[in-house]
Structures are given as structure tokens and as C-alpha cells.
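**Q** So the protein lines, in turn, are chains A and B. FYI, in full-length UniProt numbering the residues of the first sequence are 1 to 275. FYI, in full-length UniProt numbering the residues of the second sequence are 1 to 387. All C-beta atoms in this analysis are idealised placements derived from N, C-alpha and C, irrespective of residue type, glycine included. The structure presented is a predicted model; accordingly, all values stated were derived computationally and were not measured.
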Amino acid sequence: MKHAILVMGPAGCGKSTFCSTILTHCQSIGRSVHLVNLDPAAEHFEYKPSIDLRDLITLEDVVEELQYGPNGGLVYCLEYLVNNIEWLEEQIENFEDDYLIIDCPGQIELYTHFPIMKNIVATLTKCGYRTCGAYLLDSQFVQDVGKFFAGVMSAMSAMVQLEIPHINVLSKMDLLGDRAESYELERYFDPDPNLLLEDVNKESSPKMHSLNRALVQLIEEFNMVSFIPLNINDEDSVTLVLSHIDNAIQYGEDVEPKEPKDMEDVEDDDEMYDF
Amino acid sequence: MSSTTNAAFPIPQATASAGNTGTNSKQSASSTGKQSASSTGKQPPVILCVGLRLTASVYTRKQTPYVINLDPAVGKLPFACNIDIQDAVNYKQVMSQYQLGPNGAIITSLNLFTTKFDQVLDLVTKRAPELDYVLVDTPGQIEIFTWSASGQIITDTLASLLPTVLAYVIDTPRSTSPATFVSNMMYALSILYKTKLPMILVFNKCDVVDAAFARDWMTDFEAFQDAVRADEDAGFMGSLVGSMGMVLEEFYNALKVVSVSAVTGAGMDDFFSAVDEAVAEYYVDYKPAMDKKMADKKEALQKSRQENLTKLMLDMAVDNENGGKEVKMSSTAINVGKTAESNFYDDDGANEDEEIFSVTLEDRSTPSRAADESFNRFLGKATSSQK
Numbered sequence: 001m002k003h004a005i006l007v008m009g010p011a012g013c014g015k016s017t018f019c020s021t022i023l024t025h026c027q028s029i030g031r032s033v034h035l036v037n038l039d040p041a042a043e044h045f046e047y048k049p050s051i052d053l054r055d056l057i058t059l060e061d062v063v064e065e066l067q068y069g070p071n072g073g074l075v076y077c078l079e080y081l082v083n084n085i086e087w088l089e090e091q092i093e094n095f096e097d098d099y100l101i102i103d104c105p106g107q108i109e110l111y112t113h114f115p116i117m118k119n120i121v122a123t124l125t126k127c128g129y130r131t132c133g134a135y136l137l138d139s140q141f142v143q144d145v146g147k148f149f150a151g152v153m154s155a156m157s158a159m160v161q162l163e164i165p166h167i168n169v170l171s172k173m174d175l176l177g178d179r180a181e182s183y184e185l186e187r188y189f190d191p192d193p194n195l196l197l198e199d200v201n202k203e204s205s206p207k208m209h210s211l212n213r214a215l216v217q218l219i220e221e222f223n224m225v226s227f228i229p230l231n232i233n234d235e236d237s238v239t240l241v242l243s244h245i246d247n248a249i250q251y252g253e254d255v256e257p258k259e260p261k262d263m264e265d266v267e268d269d270d271e272m273y274d275f
Numbered sequence: 001m002s003s004t005t006n007a008a009f010p011i012p013q014a015t016a017s018a019g020n021t022g023t024n025s026k027q028s029a030s031s032t033g034k035q036s037a038s039s040t041g042k043q044p045p046v047i048l049c050v051g052l053r054l055t056a057s058v059y060t061r062k063q064t065p066y067v068i069n070l071d072p073a074v075g076k077l078p079f080a081c082n083i084d085i086q087d088a089v090n091y092k093q094v095m096s097q098y099q100l101g102p103n104g105a106i107i108t109s110l111n112l113f114t115t116k117f118d119q120v121l122d123l124v125t126k127r128a129p130e131l132d133y134v135l136v137d138t139p140g141q142i143e144i145f146t147w148s149a150s151g152q153i154i155t156d157t158l159a160s161l162l163p164t165v166l167a168y169v170i171d172t173p174r175s176t177s178p179a180t181f182v183s184n185m186m187y188a189l190s191i192l193y194k195t196k197l198p199m200i201l202v203f204n205k206c207d208v209v210d211a212a213f214a215r216d217w218m219t220d221f222e223a224f225q226d227a228v229r230a231d232e233d234a235g236f237m238g239s240l241v242g243s244m245g246m247v248l249e250e251f252y253n254a255l256k257v258v259s260v261s262a263v264t265g266a267g268m269d270d271f272f273s274a275v276d277e278a279v280a281e282y283y284v285d286y287k288p289a290m291d292k293k294m295a296d297k298k299e300a301l302q303k304s305r306q307e308n309l310t311k312l313m314l315d316m317a318v319d320n321e322n323g324g325k326e327v328k329m330s331s332t333a334i335n336v337g338k339t340a341e342s343n344f345y346d347d348d349g350a351n352e353d354e355e356i357f358s359v360t361l362e363d364r365s366t367p368s369r370a371a372d373e374s375f376n377r378f379l380g381k382a383t384s385s386q387k
């Protein structure tokens with residue numbers, strides 16, 4: 001079975017670190033994983049990617065040769081990829097039964113203005129990959145419920161067009177230190193939507209209350225409500241995130257779990273949160 | 001990197017406009033009371049532009065805009081601006097000096113500029129009585145501004161001094177499919193919740209594509225539903241279309257929405273009326289909440305100072321009893337004080353940014369600083385008496 005994880009999130013949220021953490025962890029448990037870099041502006045990697053968009057085209061090239069700014073240049077690179085998608089197909093067809101961890105570029109324009117990421121997902125599916133999305137939010141920015149909502153909305157903005165199961169990760173928990181308590185982040189790990197609504201209403205003017213309610217309903221339906229904390233220095237935390245990813249991929253395809261808890265087939269929703 | 005202290009930029013001349021829709025706005029002309037140098041502490045609104053650039057069109061009006069460019073990678077601008085980050089920070093040099101890629105260089109440039117932001121504020125507040133509004137152009141990579149510590153610092157700082165509103169400027173021709181439109185609106189919502197500032201949705205390039213479809217989708221659920229069904233790319237949204245439609249409608253009700261064309265100047269009157277409305281909202285909704293937050297923080301800061309002072313005195317009392325042992329400063333006493341102060345404005349972002357921030361943006365006249373100084377004197381006395 002071929003699986004792919006699309007790692008997404010705003011610039012600086014820790015995508016590349018996440019990718020290398022998962023890679024290290026997978027290697028230690030004997031799982032065969034490949035790193036794919038789709039960010040033409042990526043700077044350096046702890047591991048050399050098995051597939052690197054920068055082999056096809058780099059942002060520096062585009063900026064220099066075509067005199068694009070960094071924003072336009074990035075879009076150009078990704079559009080170039082989409083127009084030469086066979087390149088990607090050729091690269092991935094060599095892997096069997098492997099996990100692909102795909103580091104995606106941060107720029108939101110790639111999701112809001114162009115169907116680039118959609119095309120990439122379609123290609124992966126065509127090549128027999130079951131894909132899931134992992135959206136990362138920097139936990140340091142989630143200081144209050146308003147900012148949490150902001151994070152969720154930016155995640156949705158990216159994910160809403162991609163028809164893939166997803167998980168949401170609160171990254172950089174290891175960097176929080178003293179602030180962890182005051183942010184009350186446990187609120188977002190498995191929140192009760194009604195409590196969320198209460199919290200956000202408290203913080204906003206009455207004018208916003210109906211919008212708040214409509215939003216809570218939307219994010220609940222889209223399953224964007226819960227976030228998994230990630231502390232890259234904590235082995236258990238990494239294991240938890242990986243198991244959620246596994247579950248999301250299998251659950252999304254309605255396939256029997258590879259290793260059922262009992263020997264019988266289990267199809268409960270509870271399976272999602274057990275590991 | 002030159003500093004911005006010599007910003008004697010000329011006031012940009014209003015360009016003769018082609019196709020201007022007759023701006024006889026109530027704010028025009030230098031003869032109105034608004035323009036007179038006022039001792040009433042006039043506060044020009046700050047319009048933070050996110051998304052496309054609006055700046056070109058503001059010169060079609062007879063007003064005095066003050067333009068600040070925060071995009072370090074934009075290159076030569078087609079109009080004069082009063083403060084340009086590119087004068088203070090050389091983007092290309094940052095890239096080579098720090099060995100960064102394009103994104104890293106933008107973030108770093110913005111960080112560096114933020115350390116000088118107090119100078120920007122000084123300049124703006126000095127000119128404030130003569131200004132009608134301040135327009136701030138943010139970096140093209142939207143999330144570099146909205147999801148970075150320096151972007152947040154700049155936004156919060158501006159909003160604490162002047163009535164600040166957000167203009168989310170949309171590339172209308174690129175938002176015509178329901179899928180991308182929804183993505184775009186979600187992102188606008190994200191910014192709205194993050195900054196909590198009044199927001200104006202600006203559909204730009206309406207000379208190319210009329211934004212009527214957008215208004216339809218946000219006000220008429222069936223129109224939206226039909227569009228989603230007809231669009232094969234939006235298939236996935238099918239099941240969510242109900243909740244989505246509701247969100248769009250509530251969003252539309254909660255904001256001001258205008259259509260403009262930066263090229264022809266169409267719709268700019270509507271835009272500035274919307275700005276006025278948003279400013280009113282700022283005073284009603286945003287400012288009281290922010291004032292309260294600042295007051296709470298100040299109080300917490302005072303409290304923690306008091307506690308640390310007490311703790312320190314206890315430490316010293318104990319050591320004195322033990323016969324003149326060297327005073328062991330509880331290391332938290334000093335560090336917490338410093339950190340708390342740098343947290344005064346906001347306590348987020350990487351530690352590195354906090355450190356840069358605390359050095360420059362402190363207001364020199366706050367009571368907290370006086371307390372700090374007397375605390376330092378106290379420390380000085382204590383250590384010398386132990387020698």
C-alpha cells in the first residue's frame with residue numbers, strides 16, 4: 001500500500017522540522033519512508049529528499065531569469081510542476097509500499113488562487129497513493145480562542161479544496177515553556193464545540209456572534225475542531241501524531257485497519273482515537 | 001542599512017486621473033476643517049492593506065495619503081511613498097549576508113525593520129494632524145505578515161496608537177470559481193479573527209471582472225449552491241455547502257464589502273466611506289477591548305514586580321541572618337522582570353523576536369520604567385553593602 005502525507009501550513013510553522021522528525025521516527029521503527037520536497041524556496045534539509053522539486057526548477061532560477069518577485073516566482077514554479085507533472089509521476093513510480101512525506105510550500109495563494117495543490121493530489125491518487133493532509137499550526141501563536149479560530153480558518157482555506165482526510169497538528173509545543181499553561185492549549189485537543197463557541201463569543205462583540213456560530217458549525221462538520229499537540233522532543237508525542245495519520249489515511253478510504261485490535265474486523269469510529 | 005530618521009519624503013502629488021468617477025467626496029479639498037492643523041489631536045486612520053496593492057488608486061483623490069511600504073521585496077514602486085522598508089533594509093543583502101532563501105529573507109527583513117518601528121511611529125504621529133489617512137502596504141506573501149511575530153507586533157502597535165482597519169484586497173478575476181473563492185474567504189476570516197480589527201473586503205480589478213457574482217454568493221444561498229454544484233472542482237464541498245453558505249452570509253453581514261478598480265479609480269468613494277464606518281467600529285469594538293487588555297497586563301506586571309521584590313527582600317533577610325553571606329540573587333527576580341516587560345505589548349513569537357522587540361519599543365515615560373529604575377538602585381545598594 002502506498003501512502004502519502006501532505007504537510008502544509010504557513011511559512012515558519014515547522015513543516016520541514018516535522019518532516020524530518022517523522023522521517024527519523026519512521027526509520028527507527030523500520031518503516032520505509034521517503035521525503036519529497038515540493039517547496040521551490042526551501043532552504044536546507046536535515047535529510048536529503050528522495051524527490052526534490054528543486055531538481056526540476058528552483059525559485060532562484062525563476063527570480064533571476066524571469067525577473068519575478070518571490071511571490072510570483074513561487075507560483076510560477078508550482079505551475080511549471082503542474083504543466084510537467086509527468087516528472088513527478090516518473091519519480092514516484094519507483095516506490096512500492098512506501099510512505100511519502102511531502103513538504104509543501106506555505107504560500108496561501110497556491111490554495112486560494114490556483115488549483116495547484118489539487119492537481120498534485122490528483123496525480124498522487126492516479127499513481128495509487130492514499131493521501132492524507134497534515135496541517136500545522138505554530139502553537140506559540142494560539143494564545144487565545146480568537147487566534148485558534150484564525151488558525152483553523154487558515155487551515156480550512158488550504159484544505160477545503162483537497163478531498164483528502166486530514167489531521168491538524170499544533171507544532172512547537174516544545175518551545176512554549178512557561179507559556180503553555182496560560183494559553184490553555186488543552187482546550188483545543190478535543191474541544192466541545194459548544195464550549196468553543198462560548199469562549200469565542202466572550203471575546204468578541206455581539207455583532208460577531210452569529211458569524212461565530214456559523215463558523216463553529218462549519219469547522220465541526222469539516223472535522224477541523226481537534227488538534228494534536230506535537231513536541232518533537234517527546235517520543236510519545238511523535239508516535240501519537242503518526243498513529244493519527246495512519247488512522248486518517250485508512251479511515252478515509254474505509255479500509256479495514258491493517259492491525260485490528262482484536263482479530264476480528266473492527267469498523268468502529270472509536271478506532272480513530274485508539275492506538 | 002540606513003535608518004529612517006531622515007524621512008523628509010516629499011508629499012506625493014495627486015496624479016491627474018484618467019477615468020476618475022468625479023471625486024466630489026465630502027472629504028475633498030484643503031479648505032475643509034479636516035485639513036486644518038488641529039490641536040484636537042486628530043487621529044488619521046491607518047489602513048492596513050493585505051492582498052493586492054491598493055496604493056496606486058489613492059492618488060486619484062484630493063487627499064493627503066501617507067504611504068508606508070512594508071514589502072521588502074517589491075522593488076521599485078510606481079509611486080512615491082513616505083516610508084519604505086526598502087530604505088531601511090536591503091532585501092538582497094539580507095539574503096546573502098544571512099544565507100537565507102527568499103522567504104527567510106522577507107521574514108528577516110521584516111524582523112529587522114520591526115526593531116526600528118518606533119521611529120516609524122514617531123514620524124507618523126508627528127505628521128498625524130495633517131493627514132487624512134495612513135496606508136500601509138504589507139508584503140506580497142500574505143502569511144509572512146499575518147502569521148509572523150513581527151507582523152503581529154506591527155499590527156498591534158499601530159492599532160494601539162491610531163484607529164486601524166484592515167483592507168483585504170482580492171484579485172477578483174482569480175476568484176471566480178467557488179472553490180478558490182471559498183478558500184479566499186476562509187483566509188480573510190482567518191485574518192479577521194487573528195487581528196480582531198474591523199475589516200473591509202475589497203474586490204479589486206473590477207474593471208476586468210465585475211464582483212457581482214461574489215456578492216450574489218454571499219447573500220443568496222441558492223446562487224452559491226448552484227455555482228458549487230456546477231463546478232466540478234468544488235465537488236468535495238457539496239456536503240459542506242450548507243454550512244459554508246451560512247458562513248459566507250454572516251461574513252458578508254459582519255463586514256463592509258466594496259468593489260474597486262485600482263486602475264480606473266472606480267469605487268474609491270465607496271471604499272473611503274467604508275473606511276469611515278470601519279473607524280467608527282474600531283472605537284466602539286476594538287479600542288475598549290484593547291485598552292482593557294493593556295490595563296490588565298500592566299496590573300499583572302506591577303503585581304509580579306511586587307512579588308519579586310518581596311521575594312528578593314526575603315532572600316536577603318535570610319542571608320543576613322546567616323551572618324553576612326553573599327547575597328544570592330534569585331535569578332528569576334531580574335529575568336522575570338525583563339521578560340515581563342518585553343511581554344508588555346504582546347508575548348508571542350520566537351524568543352529571538354521578543355529579545356529584539358524589548359530593546360526598542362518600550363515607551364520611556366511609563367511608570368513601569370520608573371519602577372524598574374528604583375528596583376535597579378535597590379539592587380545596586382544591596383550588592384555594594386555585601387562587599
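(1) Per the contact definition of three or more C-beta pairs closer than 8 Å, is the segment 72 to 86 of chain A in contact with the segment 137 to 146 of chain A?
(2) Within 10 angstroms of its Cβ, does A/Ile29 collect 16 or more other Cβ (buried), or is it exposed?
(3) Could you compute how far the alpha carbon of A/Ile249 sits from the alpha carbon of A/His3?
(4) Is the beta carbon of B/Met218 less than 8 Å from the beta carbon of B/Tyr168?
(5) Once you ignore the five residues that flank A/Ile108 on each side, which residues in its own chain have a CB closer than 6 Å to its CB?
(6) Exposed or buried, what is B/Ser365 when buried is set at 16 or more other beta-carbons lying within 10 Å of its beta-carbon?
(7) Return the bridge partner residues of B/Tyr286 from the DSSP annotation.
(8) Buried or exposed for A/Glu86, going by 16 or more other Cβ atoms inside 10 Å?
(9) Check the Cβ of A/Ser149 against every Cβ in chain B and list those closer than 7 Å, keeping chain order.
(10) Quick one: grab the DSSP three-state call for B/Val89.
(11) Consider the Cβ of B/Trp147: report whether some Cβ of chain A lies at a distance smaller than 8 Å.
(12) In chain A, which residues lie with their C-beta within 7 Å of the C-beta of B/Met244?
(13) Which chain A residues sit within Cβ distance under 7 Å of B/Gly298?
(14) For A/Met8, decide whether its Cβ has a neighbour in chain B, counting only Cβ atoms nearer than 8 Å.
(15) From what residue to what residue does the alpha helix (DSSP H) around B/Leu252 run?
(16) Per DSSP, which one or two residues make a beta bridge with A/Gly133?
(17) Which residue comes first and which comes last in the alpha helix (DSSP H) that contains B/Asp71?
(18) Would you check if the distance between the CB atom of A/Pro40 and the CB atom of A/Thr24 is smaller than 8 Å?
(19) If we call anything under 8 Å between Cβ atoms a contact, is B/Leu201 one with B/Leu162?
(20) So what does B/Ser259 bridge to, in DSSP terms?
(21) Between A/Ser171, A/Met159, A/Leu170, A/Pro191, which has its C-alpha nearest B/Tyr187's C-alpha?
(22) Return no unless some Cβ of chain B is closer than 8 Å to the Cβ of A/Glu221.
(23) What is the DSSP secondary structure of B/Asn343, counted as helix, strand or coil?
(24) Please return the same chain residues whose Cβ sits closer than 7 Å to the Cβ of A/Ile232, not counting the five positions on each side in sequence.
(25) Would you identify the three-state DSSP class for B/Ser31, choosing helix, strand or coil?
(26) Check whether chain B comes within 8 Å of A/Tyr111, counting only Cβ atoms and requiring the distance to be less than that.
(27) Can you pull the chain B residues whose beta carbon is under 8 Å from the beta carbon of A/Lys207, in chain order?
(28) Any idea which residues DSSP pairs A/Asn233 with across the strands?
(29) Any idea what DSSP makes of A/Cys77, helix, strand or coil?
(30) At 8 Å on the CB atoms, spell out the chain A contacts of B/Asp171, in chain order.
(31) Report the three-state DSSP secondary structure of B/Asn111 (helix, strand or coil).
(32) Report the three-state DSSP secondary structure of A/Pro49 (helix, strand or coil).
(33) Indicate the three-state DSSP secondary structure (helix, strand or coil) for B/Leu48 in the structure shown.
(34) Assuming B/Ile142 and B/Gly51 are in contact, meaning their beta carbons sit under 8 Å apart, how far apart are those beta carbons, in whole angstroms?
(35) Counting only beta-carbon separations shorter than 8 Å, does A/Phe18 have a partner in chain B?
(36) Taking only beta carbons into account, state which residues of the segment 174 to 204 of chain B come closer than 9 Å to chain A, listed in chain order.
**A** To lay it out plainly:
(1) No: the two stretches stay apart, fewer than three of their Cβ pairs being nearer than 8 Å.
(2) exposed
(3) 8 Å
(4) no
(5) none
(6) Annotation note: pLDDT 34 at B/Ser365 (below 50); position unreliable, no value reported.
(7) According to DSSP, which records beta bridges pairwise, B/Tyr286 is partnered with nothing at all.
(8) Exposed.
(9) Reading off the sequence, residue 149 of chain A comes out as Phe, not Ser. Correct list: Tyr193.
(10) coil
(11) yes
(12) Chain A residues near B/Met244: Leu218.
(13) Looking at the sequence shown, residue 298 of chain B is not Gly but Lys. Contact annotation for B/Lys298 against chain A: no contact, minimum CB-CB distance about 17 Å [criterion: below 7 Å].
(14) no
(15) For the record, residue 252 of chain B in the displayed sequence is Tyr; it is not Leu. Residue range 241 to 254 is occupied by the alpha helix (DSSP H) that includes B/Tyr252.
(16) A/Leu6, A/His166
(17) Unbroken run through B/Asp71: none, as it is neither H nor E.
(18) no
(19) With respect to the 8 Å criterion, B/Leu201 and B/Leu162 are not classified as neighbours on the basis of their beta carbons.
(20) DSSP lists B/Phe203 as partners of B/Ser259.
(21) A/Met159
(22) yes
(23) Here B/Asn343 scores only 39 on pLDDT, less than 50, and its place in the model should not be relied on; the value that follows carries that caveat. Looking at B/Asn343 - three-state DSSP - the assignment turns out to be coil, as it is neither helix nor strand.
(24) Thr17, Thr21, Asp174, Val238
(25) Because B/Ser31 carries a pLDDT of 37, less than 50, the predicted location of this residue cannot be relied on, and no value is offered for it.
(26) yes
(27) In chain order: Ala254, Asp285.
(28) Paired residues: none, contrary to the question.
(29) Three-state DSSP puts A/Cys77 in a helix.
(30) His113
(31) Reduced to three states, the DSSP call for B/Asn111 is helix.
(32) Of the three classes helix, strand and coil, the one that applies to A/Pro49 here is coil, per DSSP.
(33) Here DSSP, grouped into helix, strand and coil, assigns B/Leu48 to strand.
(34) Confirmed, Cβ separation roughly 6 Å.
(35) no
(36) Arg174, Ser175, Ser177, Ala179, Thr180, Phe181, Val182, Ser183, Asn184, Met185, Met186, Tyr187, Ala188, Leu189, Ser190, Ile191, Leu192, Tyr193, Lys194, Thr195, Lys196
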